[in-house]
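Below: one structure, written as structure tokens.
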Amino acid sequence: MQLYIFNPEHDLALANGNPYFDVPRSAKQFSTDLAALPLWYAEPNSLIFCTKQLWQIPMLTQNKTIDIIPHNISEVIPWGWNNMICNKLSHLGMQANLLPNDILLSKIRQQSHRKLASKAAAFLQQKMPEMPNPAKVLTTLESVRKFATEHEEIVLKSPWSGSGKGLYWCRKKLTASLEGWCHRIIAKQGCVMGEVAYNKIVDFAMEFKCNKKGDICFAGYSLFHTENGIYKNNILADNTTIEDNLTHYISSETLHTIKTLLMQFFTENLSNYSGYFGVDMLIFKRIDGSFGIYPTVEINLRMTMGMVARLFYDRFVVDGTQGEMRIDHITENGNLLADDADKKIKYPLTIIENRIQKGYLSLCPITEGTHYRACVIIH
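In my numbering, the protein residues as written are 311 to 689.
See below:
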């Protein structure tokens, strides 16, 4: 029996490194409100751990939520492994043999550093010289200043961060506040990653899966939208449709070559990791009007919203239809509950042979005190 746990604070925990790290209140709320999300991406007949909410949805999914740690668990699958979630599960009574040891946790954290994306970019560029330059590892404030003056616009990233956190855009010269941020990140995490900022046209990702033997397979495409690096929503469509959209800008041959080379790279460079992971990419427009691809914006060595969308569509949506999966945030108590009721009327759900043909569905229960929602709308 597999037990799934949604711990979206994973990226924050990796960056902090303290097993007793107290995450911000907003992150706790997000984790609590969407605790049931693994219902939709877990393998069939799995258990989902939710401490404050139990929810049995009678249609579609064969999984169920629980609020205690059972004794018949064969495997624990969190959103991502870090020492904070291990410490939490240990205190809840989880058997030690089901948790990664300190050596493995250290390896996962090391491989989650943004240096891995830079290394992957260098590997791709060796095989495909037309690919953009890898991100720079900047270990001093002076090297950050120099990098900023060499390019029209840059993006500075902290080594451990995700979901739009720890990203700052800069044009030519660092501001005083950005210099202060760089100084703190270099002192705490050893460096800042510097990248050229591109005129982005499309956000997408290639999703992969690594089994316990180290075999890598392609798990599908994710087509999504972000604002200032922060995830907003995924397009729900089949892989062929998404690739067709991408080939308006980039040839299918280029996409397939990148995919094949990345699988080779991860086979050679990932160790002791098993599960899904995603490589965020972007398509950009050059000054001359042509298009390019930056294939290693971010490597997320964990479950991703893009993979949730991929699995949800493949398992629960009628083939050939399209829609979106999105994350909403409403601060006032009761407003999300009212909006949920409105959307159920505006987009009534139609299910055919246990698949959604059209309509709205919240993927987690919504109450008076819910502030975050994951939902789908199929058109």
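Here a beta-carbon is modelled for each residue, glycine too, at the ideal position from N, C-alpha and C.
Cβ-Cβ distances below 6 Å link Cys-527 to Lys-519 in the same chain, with the five nearest sequence neighbours on each side left out; the list follows chain order. Ranked by Cα distance from Leu-611, the options Ser-356, Asp-525, Gln-420 are led by Gln-420. In the structure shown, Tyr-657 falls within a coil segment according to DSSP collapsed to helix, strand and coil.
When DSSP reads this structure, Pro-388 sits in a beta bridge with Ile-315. With a cutoff of 7 Å on beta-carbon distance, Phe-594 and Lys-510 are scored as near each other. Restricting attention to alpha helix (DSSP H) runs no shorter than 4 residues, the segment 432 to 477 encloses them at 451 to 459, ordered along the chain. The three-state reading of DSSP puts His-639 in strand, counting E and B together. When the beta-carbon positions are compared, Arg-636 and Glu-517 stay at least 7 Å from each other.
Counting along the chain, the unbroken alpha helix (DSSP H) around Ser-562 starts and ends at 562 to 579. Distance between Ala-337 and Ile-609, taken at the CA atoms: about 21 Å. When C-beta atoms of the segment 377 to 394 are compared with those of the segment 319 to 331, three or more pairs fall below 8 Å, so the two segments count as touching. The DSSP-derived three-state label of Pro-605 is strand.
The continuous stretches of beta strand (DSSP E) do not include Lys-498, which lies in the alpha helix (DSSP H) extending over residues 486 to 499. In the structure shown, Ser-672 falls within a strand segment according to DSSP collapsed to helix, strand and coil. Proximity of the segment 423 to 435 to the segment 647 to 659 falls short of the contact definition, fewer than three beta-carbon pairs being nearer than 8 Å. Counting the other Cβ atoms within 10 Å of the Cβ of Ser-471 gives 16 or more, which makes it buried. Listed in chain order, the non-local C-beta contacts of Asn-643 below 7 Å within the same chain comprise Glu-678, Gly-679, local neighbours out to five positions each way being set aside. Residue range 374 to 376 is occupied by the beta strand (DSSP E) that includes Ile-376.
Here Ser-672 has Asp-650, Arg-683, Cys-685 as same chain residues with Cβ atoms under 7 Å from its own Cβ, once five neighbours each way along the sequence are excluded.
The three-state secondary structure of Tyr-682, taken from DSSP, is strand. The continuous beta strand (DSSP E) containing Ile-593 extends over residues 585 to 595.
The beta carbons of Ile-687 and Tyr-670 sit closer together than 7 Å. Bridge pairing for Cys-520: Ile-526, Gly-585 [DSSP]. Secondary structure note for Ile-413: its alpha helix (DSSP H) is the uninterrupted segment 412 to 421.
Taking a contact to require three or more Cβ pairs closer than 8 Å, the segment 426 to 446 and the segment 598 to 607 qualify as touching. Residue environment analysis places Glu-578 among the exposed positions, since fewer than 16 neighbouring C-beta atoms fall within 10 angstroms of its C-beta. Within the model, the alpha-carbon separation for Leu-565 versus Tyr-559 is close to 11 Å. Here His-535 is bridged, per DSSP, to Asn-543. The beta-carbon separation of Leu-477 and Gly-539, rounded to 4 Å, stays under the 8 Å limit for a contact.
Counting C-beta pairs closer than 8 Å gives three or more between the segment 450 to 466 and the segment 483 to 493, which meets the contact rule. Under the three-state reduction of DSSP output, Asp-513 falls in the strand class.
Secondary structure at Met-615: helix, using DSSP grouped into helix, strand and coil. Cβ contact annotation for Tyr-351 (same chain, cutoff 6 Å, sequence separation greater than five): Val-618, Leu-621, in chain order.
Met-503: member of the beta strand (DSSP E) spanning 502 to 506, first to last residue. Secondary structure at Leu-357: strand, using DSSP grouped into helix, strand and coil. Secondary structure at Asn-610: strand, using DSSP grouped into helix, strand and coil.
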